[in-house]
Amino acid sequence: NAGVTQTPKFQVLKTGQSMTLQCAQDMNHNSMYWYRQDPGMGLRLIYYSASEGTTDKGEVPNGYNVSRLNKREFSLRLESAAPSQTSVYFCASSEWPDRYYEQYFGPGTRLTVT
Amino acid sequence: AQSVTQLDSQVPVFEEAPVELRCNYSSSVSVYLFWYVQYPNQGLQLLLKYLSGSTLVESINGFEAEFNKSQTSFHLRKPSVHISDTAEYFCAAKAAGNKLTFGGGTRVLVKP
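First to last, the sequence lines map onto chains A and B.
The numbering used here numbers the first residue of the first sequence as 1 and each following residue consecutively.
The numbering used here numbers the first residue of the second sequence as 115 and each following residue consecutively.
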């Protein structure tokens with residue numbers, strides 16, 4: 001049982017390049033989330049998917065798009081990367097609405113945009 | 115606005131000393147409260163949670179947190195820390211729907 005997996009672990013992009021961060025979970029969870037973590041700011045929600053086939057904006061969605069490919073996979077796309085998107089990105093999943101809102105996190109993707 | 119505030123960004127502490135990490139939440143968030151721990155270069159792991167019932171909740175590795183409704187606080191404590199407790203700790207609260215709101219994090223550095 002791998003839990004939540006993310007690829008890649010590290011990535012360096014030039015301004016204007018695009019990329020997709022991949023996330024998969026094997027816990028049969030309904031909900032999945034993408035966060036970014038910046039020093040002193042905790043985790044901020046970018047997008048989330050309450051269930052397969054639905055996606056919604058979080059706190060900081062600008063510059064990102066998401067796809068809930070199936071129940072297991074939830075990808076995050078940067079269409080035209082900017083230096084302000086340098087961050088650590090975490091994917092998470094939860095059993096909501098079946099359990100008490102606790103979320104399970106992947107190991108993160110460290111992205112640098114130059 | 116819904117918010118969770120962690121009052122200390124860094125807490126240095128000597129090994130075997132007690133530590134307290136402070137967390138306050140706004141009354142507009144639900145009182146489902148969580149503490150997560152992030153060890154260096156890893157993702158977040160759930161440390162403990164308060165959903166209802168006893169206001170004192172404990173984790174398996176010696177941490178405890180107390181829900182205080184009147185002070186809108188959920189402080190985390192450990193009576194004696196180990197080097198292995200060096201990590202960043204995040205307080206979180208259930209927000210609308212299926213979301214969590216996180217505090218800014220507290221870095222704990224345990225010194226020998």
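For glycine and all other residues, C-beta sits at the position ideal for the given N, C-alpha and C.
Fair warning: this is a prediction, and the values are worked out from it, not measured in the lab.
Which residues in the same chain have their Cβ closer than 7 Å to the Cβ of Ala24 (chain A), if we skip the five residues on either side of it in sequence?
Counting from one through the first sequence, the residue named residue 24 (chain A) turns up at place 24. So the list reads Thr5, Arg72 and Glu73, once near-sequence residues are dropped.
In chain B, which residues lie less than 7 Å from Met41 (chain A) when you measure between Cβ atoms?
Mapped onto the first sequence, residue 41 (chain A) falls at position 41. Going along chain B in sequence order, the residues near Met41 (chain A) (Cβ under 7 Å) are Gly218.
Helix, strand or coil, according to DSSP, for Pro83 (chain A) in the structure here?
As a first step, residue 83 (chain A) must be located in the first sequence, where it is residue number 83. Pro83 (chain A): helix per DSSP, three-state reduction.
Quick check on Asn28 (chain A): buried or exposed, where buried means 16 or more other Cβ atoms within 10 Å of its Cβ?
The count along the first sequence starts at 1 and reaches residue 28 (chain A) at position 28. Exposed, by the Cβ-count rule.
Spatial neighbours of Phe105 (chain A) within its chain, please: CB distance less than 7 Å, with the 5 preceding and 5 following residues excluded, ordered by chain position.
What you label residue 105 (chain A) is simply residue 105 of the first sequence in a count that begins at 1. Closer than 7 Å at the Cβ level, and outside the excluded window around Phe105 (chain A), lie Val4, Phe90 and Ala92.
Any idea what DSSP makes of Ile197 (chain B), helix, strand or coil?
Translated into positions along the second sequence, residue 197 (chain B) becomes position 83. Helix.
Taking C-beta pairs closer than 8 Å, name the residues in chain B that Glu102 (chain A) reaches, listed in chain order.
For the purposes of this step, residue 102 (chain A) is taken as residue 102 along the first sequence, with counting starting at 1. Phe148, Leu160 and Lys163, listed in chain order.
On the CB-based measure, 16 or more other CB atoms within 10 Å of its CB, does Val12 (chain A) come out buried or exposed?
For the purposes of this step, residue 12 (chain A) is taken as residue 12 along the first sequence, with counting starting at 1. Under this definition Val12 (chain A) is an exposed residue.
Status (buried if at least 16 other CB within 10 Å, exposed otherwise) for Ser31 (chain A)
To locate residue 31 (chain A), count along the first sequence from 1; it is residue 31. Buried.
Along chain B, in chain order, which residues have C-beta atoms closer than 8 Å to that of Ser31 (chain A)?
Residue numbering aside, residue 31 (chain A) sits at position 31 when the first sequence is read from its first letter. Residues of chain B passing the Cβ test: Asn212.
Gly53 (chain A), buried or exposed, once every other Cβ within 10 Å from all chains shown has been counted against 16
Taking the first sequence and counting its residues from 1, one reaches residue 53 (chain A) at position 53. The residue is exposed, with fewer than 16 neighbouring Cβ atoms inside 10 Å.
Using a cut-off of 7 Å between C-beta atoms, extract the partners of Lys208 (chain B) located in chain A.
Taking the first residue of the second sequence as 1, we reach residue 208 (chain B) at position 94. Chain A residues near Lys208 (chain B): Tyr101.
Min CB distance Gly16 (chain A) to chain B below 9 Å
Translated into positions along the first sequence, residue 16 (chain A) becomes position 16. Output row for Gly16 (chain A): interface = no.
Interface residues of chain A facing Gly157 (chain B) [CB-CB closer than 7 Å]
Stepping through the second sequence from its first residue, residue 157 (chain B) is reached at position 43. Residues of chain A passing the Cβ test: Phe90, Phe105, Gly106, Pro107 and Gly108.
Three-state secondary structure (DSSP) of Asn62 (chain A):
As a first step, residue 62 (chain A) must be located in the first sequence, where it is residue number 62. Coil, per DSSP.
Lys183 (chain B): which of B:Leu223, B:Val127, B:Ser194 and B:Tyr139 sits nearest, CA to CA?
Here residue 183 (chain B) refers to the residue found at position 69 of the second sequence. With distances taken between Cα atoms, Lys183 (chain B) lies closest to B:Tyr139.
Distance, Glu172 (chain B) Cα to Ser117 (chain B) Cα
Here residue 117 (chain B) is taken as the residue at index 3 of the second sequence, counted from 1. Here residue 172 (chain B) is taken as the residue at index 58 of the second sequence, counted from 1. The straight-line gap from Cα to Cα measures roughly 23 Å.
Pairwise C-alpha distance: Thr114 (chain A) and Leu165 (chain B)
By 1-based counting over the second sequence, the position of residue 165 (chain B) is 51. By 1-based counting over the first sequence, the position of residue 114 (chain A) is 114. Between Leu165 (chain B) and Thr114 (chain A), the C-alpha separation is close to 43 Å.
Let me check one thing: in DSSP terms, what residues is Thr109 (chain A) bridge-paired to?
Here the question's residue 109 (chain A) lines up with position 109 in the first sequence. A:Tyr89.
Report back the beta-carbon spacing between Val224 (chain B) and Val127 (chain B) to the nearest angstrom; my notes put them in contact at under 8 Å.
Here residue 224 (chain B) refers to the residue found at position 110 when the second sequence is read from its first residue. Here residue 127 (chain B) refers to the residue found at position 13 when the second sequence is read from its first residue. Correct: roughly 6 Å between the Cβ atoms.
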